[in-house]
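Asks: 1 is the number of the first residue of the sequence shown in UniProt numbering; add one for each residue after it. Below you'll find the structure I mean.
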Amino acid sequence: MAKIVTVVVAIVALLIVAKSVGGRAGGAKGELEITNLTEQRKHTVEQLEHHLHDEAFIKARDKAEKKAEKEKAKQREKEIKKAAKEGELESKRESHLFVLDFIGSIDAKEVASLREEVSAILAVAKEGDEVLVRLESGGGMVHAYGLASSQLDRIKAANLPLTIAVDKVAASGGYMMACIADKIVSAPFAVVGSIGVIAQLPNFNKLLKKNDIEFEQLTAGEYKRTLTMFGENTDKARDKFKQELEETHGLFKDFIRDHRPELDLDKVATGEHWFGTQAKDLAWSMKSKRPMTSSLRRAKTKRYCRFVTFRRKNSRTNFLALLVMRQTMCL
């Protein structure tokens with residue numbers, strides 16, 4: 001009896017801990033961090049130039065720059081005072097390029113931070129601002145990347161120019177996000193495309209039968225469960241599951257068609273992937289160049305270039321949810 005009580009208490013404690021961990025993850029707080037990329041680049045250039053020029057040159061250059069900055073600050077102060085009197089103070093803010101990073105996992109859990117970052121930008125954005133997202137993802141769960149894509153759609157809905165930079169991969173769900181952009185910049189050997197849907201799972205039914213283990217699964221609704229990991233799968237269940245895959249693929253193609261109408265989906269929506277240079281030749285509406293170089297160039301030409309990131313605190317995985325997770329369609 002004591003052993004049974006101990007086991008029951010242990011199970012209850014495990015469930016409580018799992019629920020607690022999951023609850024903290026869902027309501028995790030964090031803070032927004034802003035990095036001035038323009039100043040960061042300027043500092044890097046200055047560091048290197050100290051090794052390229054003599055002290056006399058550095059002093060003369062610094063003196064000239066300080067003088068120019070002082071004159072510019074005076075002029076800016078006059079403009080601000082005038083704008084304040086005329087009630088047009090808000091319009092005098094310089095335009096900014098906001099830079100975001102999205103490195104997506106299979107469940108796209110990073111969307112929680114992306115949502116906060118986009119919300120912050122939209123709260124202060126004005127005409128003339130732009131957004132650059134450095135994207136890296138091979139795709140994942142359908143619903144998760146649908147949500148991630150909707151966050152980028154918020155930027156487009158606000159009429160902010162959106163550029164997606166791909167250094168390594170933006171395939172499947174990653175390309176679902178990328179296709180929303182006004183412009184996609186891809187590295188020559190970055191992987192893009194893979195417009196398809198996949199679902200796979202092992203089946204242990206024969207192993208259970210071999211060991212005289214019975215498996216019971218009760219459902220209400222003819223298609224509440226199609227394929228299972230432990231039950232005996234039928235051709236009818238396979239056909240239904242395949243139908244669902246095709247329907248999801250159709251929705252995926254419709255989404256791409258809405259944002260990239262010039263793409264020949266009969267040719268590219270086969271689940272295949274391409275390198276950046278190949279995608280450019282297939283009229284994927286993208287430029288094949290080094291995205292990081294492009295980002296640095298934008299930091300050079302834009303006076304105000306800010307990297308925005310939302311760092312979550314105490315973010316942990318809900319392990320109980322992972323234990324009960326079944327087969328999931330993935331992009």
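Cβ atoms here follow ideal geometry from the backbone N, Cα and C, with glycine treated the same way.
Could you give the first and the last residue of the continuous beta strand (DSSP E) run that contains A181?
Replies: Where A181 is concerned, there is no enclosing beta strand (DSSP E), given that its DSSP letter is neither H nor E.
Asks: To which residues does DSSP link D101 through a beta bridge?
Replies: Paired residues: R134.
Asks: According to DSSP, what are the bridge partners of F310?
Replies: For F310, which the question treats as bridged, DSSP gives the partners L32.
Asks: Since C330 and M177 should fall inside the 8 Å C-beta cutoff, what is the C-beta to C-beta distance between them, to a whole number of angstroms?
Replies: Not really, about 14 Å apart at Cβ, beyond 8 Å.
Asks: Report the CB separation of T163 from A181 in whole angstroms; it is logged as a contact under 8 Å.
Replies: That pair is a contact at about 6 Å.
Asks: Under a three-way DSSP split, which group does K168 fall into?
Replies: Strand, per DSSP.
Asks: What does the Cβ neighbour count give for V8, buried or exposed, with the cut at 16 atoms within 10 Å?
Replies: Reliability of the predicted coordinates at V8 is poor, the pLDDT of 44 falling under 50, and no value is obtained from them.
Asks: Which two residues bound the contiguous alpha helix (DSSP H) that contains G146?
Replies: Per DSSP, G146 belongs to the alpha helix (DSSP H) from V142 to A157.
Asks: Classify R134: buried if its beta carbon has 16 or more other beta carbons within 10 angstroms, exposed otherwise.
Replies: Counting Cβ neighbours within 10 Å, R134 comes out buried, since at least 16 surround it.
Asks: In whole angstroms, what is the alpha-carbon distance linking T293 and F189?
Replies: Per-residue confidence for T293 stands at a pLDDT of 49, beneath the threshold of 50, marking its modelled position as unreliable; the derived number appears in the next sentence. Rounded to the nearest angstrom, the two C-alpha atoms are 15 Å apart.
Asks: With a 10 Å radius around its C-beta and 16 neighbouring C-beta atoms as the bar for buried, classify T38 as buried or exposed.
Replies: Buried, by the Cβ-count rule.
Asks: What is the residue span of the beta strand (DSSP E) that G271 lies within?
Replies: Counting along the chain, G271 falls outside any beta strand (DSSP E), and DSSP gives it neither H nor E.
Asks: Please return the same chain residues whose Cβ sits closer than 7 Å to the Cβ of L160, not counting the five positions on each side in sequence.
Replies: So the qualifying residues of the chain are A125, D129, E130 and V131.
Asks: Secondary structure at L201, three-state DSSP: helix, strand or coil?
Replies: L201: coil per DSSP, three-state reduction.
Asks: Excluding five sequence neighbours on each side, which residues of the same chain lie with their C-beta closer than 6 Å to the C-beta of I103?
Replies: Result list for I103: E136, in chain order.
Asks: Within the same chain, show all residues whose beta-carbon is closer than 7 Å to that of E31, passing over the 5 residues directly before and after it, in chain order.
Replies: Same-chain partners within the cutoff: R311.
Asks: Would you report the Cα separation of E262 and K210, rounded to the nearest angstrom?
Replies: If I take the Cα positions, the gap works out to 55 Å.
Asks: Look at the alpha carbon of K242 and the alpha carbon of S119, and state the distance between them as a whole number of angstroms.
Replies: Looking at the two C-alpha atoms, the distance is approximately 38 Å.
Asks: Name the residue from K168, K72 and L265 whose alpha carbon lies nearest to the alpha carbon of G138.
Replies: Of K168, K72 and L265, the residue nearest in Cα terms is K168.
Asks: Looking at the strands, I want to know which residues DSSP matches up with G193.
Replies: According to DSSP, which records beta bridges pairwise, G193 is partnered with A171 and H273.
Asks: Taking the straight line between their C-alpha atoms, what separation do you get for G22 and E116?
Replies: Residue placement at G22 cannot be trusted, given a pLDDT of 47 that sits under 50; what the coordinates show is reported in the next sentence. The alpha-carbon atoms of G22 and E116 are separated by roughly 19 Å.
Asks: Could you please give the first and the last residue of the uninterrupted alpha helix (DSSP H) stretch that includes S95?
Replies: S95 -> no alpha helix (DSSP H), and no H or E assigned at all.
Asks: What's the gap between the Cα of N36 and the Cα of D264?
Replies: Taking the straight line joining both Cα atoms gives about 40 Å.
Asks: Quick check on the DSSP output: the alpha helix (DSSP H) that includes K85 runs from which residue to which?
Replies: Note, K85: alpha helix (DSSP H), E55 to E86.
Asks: Does the beta-carbon of G87 have 16 or more other beta-carbons within 10 angstroms, so that it is buried, or is it exposed?
Replies: Per the 10 Å Cβ criterion, exposed.
Asks: Determine the burial state of K313: buried for a count of at least 16 other Cβ atoms within 10 Å of its Cβ, exposed for fewer.
Replies: Under this definition K313 is an exposed residue.
Asks: Taking the alpha-carbon of S105 as reference, which of V99, F98, L114 and L97 has the nearest alpha-carbon?
Replies: When only C-alpha atoms are compared, the closest one is L114.
Asks: Tell me the residue span of the alpha helix (DSSP H) that contains I121.
Replies: Note, I121: alpha helix (DSSP H), V111 to V124.
Asks: Taking 6 Å as the limit between beta carbons, can you name the residues of its chain near A237, skipping five residues before and five after?
Replies: Cβ within range, chain order: T226 and L227.
Asks: Ends of the alpha helix (DSSP H) at Q40?
Replies: Run containing Q40: L37 to E49, per the alpha helix (DSSP H) assignment.
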